[in-house]
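Below is one structure, written out as structure tokens; the observations come after it.
Numbering (the numbering used here), first residue to last: 816 to 1418.
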């Protein structure tokens, strides 16, 4: 067991949503911070200060920017406030009284907040010196807070109400825990997260870049990164061939009308790039083209291009299709949140009788993918609709049948699962696979969706065995999800140390001197012809530096070549996984590498 896993087991770090006590601690700590800020910076005005999953923040309108030195002073003042053991009291007041008190302290942001509050209006006081509009919850006294379990982390810009046209504020982020040990573990994990950050490692390993002239959220893949993408694509394509999937390719844009029929234009247009129209008249009539946010309407058109027989079903259409989402710039984050990404998309058209078995087959494929990628710590989320929401399309009957199919599947498989009400796609429920990484962060990877609605909207049919026309059911499926997000997660999960079969460069041949370099190049070429990703280091550096550079580049296998190795047609092998393995014949090294590639194993 790794040191990370061992420490994580010893110290559990609950999220705010998982602990009522942490919720109270963090909410109260945010008020203590605001009180400290206003004591040290009397011109600072407070706005909002909620708890978040790992801490809290407060937004301030202050004439001077907060510095790291200021954060230290604020933290010191917070400790003083906490040690005074101030009572935290709740007061219910009339709207008029709240308005009067806010005007008395000249806090215009609070007036705007008050306008949006429903009765009853409540205030929370820290002693008799400071108060704010708040609904709670809070601890009863600051004595319940441990100043040694609190840290102020950073300052960031934020717009009032998240609106770029309104005042720019300063947001102070902090974290608070029940014990100093929890804080220390949280900070250790943050440092480890920085070490594993896929943006940092991606640059160091030469996998991808972002370029301002291209635009934010649009990654550019280097040769090594493209090899990594291709390896993942080829792996899944082979698995799909075994299971009867048929490859298709579709365009990147389509008429708006296609997405009106699917419902994306009505339910999803805020996340789509603006329409491209020939002129103002077409734009006003919504006649134009848009970049596709999803692949499903295209696959539907391929299915619908001719009348299908029940004998052709299930039809499994698969595509690595690039889609485009107009994410807000503040929400972009390396590869895990981008504007253009590739989905390992497939749409299965099945008869109602085939639904359960096909759904189970898709889940089996996803589990096989996770096994090959060494992703073990995940749960299944049954992402169902919220009946009270109007964001969904289709009849109650269609939703009940689709949700029933997903529930039957997880019960048949005995999978660890939980329900996520309101997490469904607008056209159907999903089975989402939520992966927990080495730092206990959760990511959504693979997904399977059951859809009765789009076949109805597009009037899909097949000829049944009795000669009648019937409606197929669709299964939307993506084991990887976004290829970009998956690679970002894998970089961080492996800390850049890819399994041998996924490493862009698997072997680096290190010649001790110039005399051995021709042999190194020859062996590298032989390996390349066998499909092994090998390269000879031709830099001419001393052996120690050659090894250090290979280690830094996280090359899985290093092959040192001296005069003895050339004479014996051998390679002195050193691996990142097992260390020094000694001299091995070139043929044996190639055989072991080929077996590792075929089995997704180690050298």
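Ideal Cβ placement from N, Cα and C applies to all residues, glycine included.
These numbers were taken from a predicted model, which means no experiment stands behind them.
Test item: CB-CB of residue i and residue j under 9 Å
i	j	result
residue 1359	residue 1331	no
residue 1137	residue 1304	no
residue 1153	residue 1297	yes
residue 1040	residue 1017	yes
residue 1243	residue 1291	yes
residue 1113	residue 1066	yes
residue 1315	residue 1371	yes
residue 925	residue 861	yes
residue 944	residue 850	yes
residue 987	residue 1074	no
residue 1239	residue 1175	no
Simplified DSSP state of residue i, which is helix, strand or coil
i	result
residue 948	strand
residue 870	strand
residue 1338	helix
residue 1225	helix
residue 924	helix
residue 991	strand
residue 910	helix
residue 1136	strand
residue 979	coil
residue 1097	helix
residue 852	helix
residue 1401	helix
residue 826	coil
residue 1310	coil
residue 901	coil
residue 1001	helix
residue 933	coil
residue 1055	helix
residue 1280	coil
residue 1091	strand
C-alpha gap between residue i and residue j, whole angstroms
i	j	result
residue 1124	residue 1268	20 Å
residue 820	residue 1255	Residue placement at residue 820 is flagged as unreliable, the pLDDT there being 45, under the threshold of 50; the coordinate-derived value follows with that caveat. Going from the Cα of residue 820 to the Cα of residue 1255 covers about 10 Å.
residue 1235	residue 1049	32 Å
residue 892	residue 946	17 Å
residue 1158	residue 1044	12 Å
residue 1229	residue 1173	17 Å
residue 1319	residue 1132	29 Å
residue 1282	residue 1169	18 Å
residue 1037	residue 1022	5 Å
residue 1020	residue 1350	15 Å
residue 897	residue 957	5 Å
residue 1139	residue 1293	16 Å
residue 942	residue 1201	42 Å
residue 886	residue 1253	30 Å
residue 1311	residue 1042	15 Å
residue 1009	residue 1001	12 Å
residue 1193	residue 1308	13 Å
residue 829	residue 951	20 Å
residue 1402	residue 1392	21 Å
residue 1346	residue 1097	52 Å
residue 972	residue 1313	36 Å
residue 948	residue 938	5 Å
residue 940	residue 839	14 Å
residue 1083	residue 863	29 Å
Status (buried if at least 16 other CB within 10 Å, exposed otherwise) for residue i
i	result
residue 1070	exposed
residue 1210	exposed
residue 980	exposed
residue 858	exposed
residue 1109	buried
residue 990	buried
residue 1089	exposed
residue 900	exposed
residue 1301	buried
residue 818	Caution applies to residue 818, whose pLDDT of 42 falls short of 50 and renders its modelled position unreliable; the value that the coordinates give is listed next. By the 10 Å Cβ count, residue 818 comes out exposed.
residue 1387	buried
residue 1245	buried
residue 1233	exposed
residue 1120	exposed
residue 962	buried
Stretch pair the segment 1324-1341 + the segment 1375-1391: three plus CB contacts closer than 8 Å: In short, these stretches touch, since the Cβ pair count reaches three.
Touch test, the segment 1189-1200 against the segment 1163-1170, Cβ-Cβ under 8 Å, three pairs minimum: no
Three CB pairs or more closer than 8 Å across the segment 1257-1266 and the segment 1183-1195: Result yes; three or more Cβ-Cβ pairs closer than 8 Å.
Cβ pair count under 8 Å reaching 3, the segment 859-870 against the segment 832-849: yes
contact_flag[the segment 1007-1016, the segment 907-920] where n(CB pairs < 8 Å) is 3 or more: no
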